[in-house]
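Be aware that the sequence shown starts at 12, since it is given in this note's numbering, and climbs by one per residue. The beta carbon of each residue, even a glycine, is placed where N, CA and C say it ideally should be.
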Amino acid sequence: MFFILLFGCVTDPGDEFINSFKQTPTIELQSIPIKLKQDTPFLSYMFEMIYSDSLLFINEFPDPEYCMKIVDLRHNTIRNFAKKGKGPFEMQSQACDFSVDYLNRNLYVTDHSFYSIYSIDSLLCYKDNPQSRFSIRPQEGSFLRTTYCNGYVIGSGIKNRFALLNIKTKEYKGKYQYPTGLLVDQANFYSHPRKNIVAYFNLKSATMGLLHILNDTMTMKEHSWWKSKNKEIINGQGSRIIPGKDEKNGFITTTVSEKYIYTLYSGKNLDRRSIEKLTNAFVSQYIYVLDWEGIPVKRFKLDQEVRAITIDDRNNTIYAGSNEGGEPHIIKYQLK
């Protein structure tokens, strides 16, 4: 079920990002629960998720043994994935980035030293070893957050705000300086399913943009509704962030389709007086939809706050991670 609402009556007058949607429709969505089998590993964190071919790949990196879990929606089961360790098929860090190559039906997972490539068809058959892997530690610099995009690894670098690695030639290029600092200006990256375009969303401000890749070069188009007031201090002991006054959270996580970009947006103050208050800034009841020019299109109002989202573009369905009722679980929303 969905309903079109007048947006202006619920607009927060102090949030420029929310205000940019005041001329667009708001659509209310009702959740449908996904019942998973009880004898499988339970969900915990659900920081990010990606859908592909009836599989949900979920970021669970605080787990002591595994970085990820896979939910198989055909059988409603969960299994552990991306084991941490020093073995040949294991993640050699506490967290990993992952993205899907929809053209070749592969899952790309990186521990920030190597990228491991898994066949979606093999994962559907519960064959969880990678088919190949390659290094992403070029001499010119290192990556912090990345995504795979049609033969390239693209993300944020140590020295440059954006960095690009041609997987075949191993050529690495960095571009653009950090406006405030490496810690303040970090972003998450999301590849278009087919085109050489990557959307990025800053972690500490309402700034997003689009990176177009052509012939091993990047061009940027950026939109910014408000910027972080945090300051980065560098001294002999390293870097640290001094929070700005009235610090608030911006984009939580994002998912993309051929036509649209769907971003889960907070806009809530970062209240650090308790874990509960701080956690509340990382869930939201609203998904904002932009086109691939970064122009606001519409927003969805969900029936509960969620932590992560992903879209099944073929079936026009959004899956979400919820903690409603105090128990982490998966729900879905039908978009038509």
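Of the candidates 153, 179, 155, 154, 179 places its Cα closest to the Cα of residue 162.
If you check the CB distance, residue 125 and residue 70 do not come in under 9 Å.
Burial state of residue 231 is exposed, judged by a 10 Å Cβ sphere holding fewer than 16 other Cβ atoms. CA-CA distance, residue 82 to residue 26, rounds to 36 Å. In the DSSP assignment, the residues bridged to residue 126 are 121, 145. In this structure, the straight-line span from the alpha carbon of residue 113 to that of residue 205 is close to 7 Å.
Proximity to residue 148 across 136, 269, 167 peaks at 167, based on C-alpha coordinates. Non-local C-beta neighbours of residue 220 in its own chain, meaning closer than 8 Å and more than five positions away in sequence, comprise 210, 211, 231, 232, 233, 234, 305, ordered along the chain. Boundaries cannot be given for residue 335, as no alpha helix (DSSP H) includes it and DSSP labels it neither H nor E. The C-beta of residue 227 has fewer than 16 other C-beta atoms within 10 Å across all chains shown, which makes the residue exposed.
The C-alpha of residue 90 is placed about 12 Å away from the C-alpha of residue 138. Selection 339, 215, 244, 303 evaluated against residue 261 yields 215 as nearest (Cα-Cα). Annotation: the continuous alpha helix (DSSP H) that includes residue 28 extends over 27 to 30. Three or more Cβ pairs closer than 8 Å define a contact, and the region 293 to 310 meets that threshold against the region 263 to 283. The residue from 145, 200, 141, 239 with its alpha-carbon nearest to that of residue 155 is 200. Distance from the CA of residue 224 to the CA of residue 207, rounded to the nearest whole angstrom, comes to 5 Å. Between residue 73 and residue 99, the alpha-carbon positions lie close to 21 Å from each other. Straight-line spacing of the CA atoms in residue 118 and residue 237 works out to 34 Å.
Taking a contact as a CB-CB distance under 8 Å, the pair residue 342 and residue 44 counts as one, their CB atoms being some 6 Å apart. Looking only at 92, 310, 259, the smallest Cα-Cα distance to residue 51 is reached by 92. Contact check for residue 40 against residue 270 fails: the beta carbons are separated by 9 Å or more.
Beta bridge pairing from DSSP links residue 189 with no other residue.
Of the candidates 303, 328, 302, 335, the residue whose Cα lies closest to the Cα of residue 317 is 335.
For residue 226, there is no enclosing alpha helix (DSSP H), since its DSSP letter is neither H nor E. Counting only the Cα atoms, residue 242 lies some 7 Å from residue 191. Per DSSP, the unbroken alpha helix (DSSP H) holding residue 133 starts and ends at 131 to 135. Taking a C-beta distance under 9 Å as the contact criterion, residue 195 and residue 189 qualify as a contact pair.
Residue 302 sits close to residue 272, with the two beta carbons spaced by under 9 Å.
Here residue 78 is not near residue 34, since their CB atoms are 9 Å or more apart. Within the same chain, Cβ atoms closer than 8 Å to the Cβ of residue 250 are found at 192, 193, 194, 243, 244, the five residues on either side in sequence being excluded. Excluding its 5 nearest sequence neighbours in each direction, residue 331 has C-beta neighbours in its own chain below 6 Å: 317, 320, 342, listed in chain order.
Scanning its chain for C-beta atoms nearer than 6 Å, with the 5 sequence neighbours on each side dropped, one finds around residue 213 the residues 198, in chain order.
In the structure shown, residue 246 adopts extended strand secondary structure according to DSSP, grouped into three states. Within the same chain, 110, 158, 159, 160, 209 come within 7 Å of residue 202 by CB-CB distance, once the 5 residues on both sides are set aside. Judged by DSSP secondary structure, residue 280 falls outside any beta strand (DSSP E); it is assigned neither H nor E. One Cα belongs to residue 290, the other to residue 136, and the distance between them is close to 36 Å.
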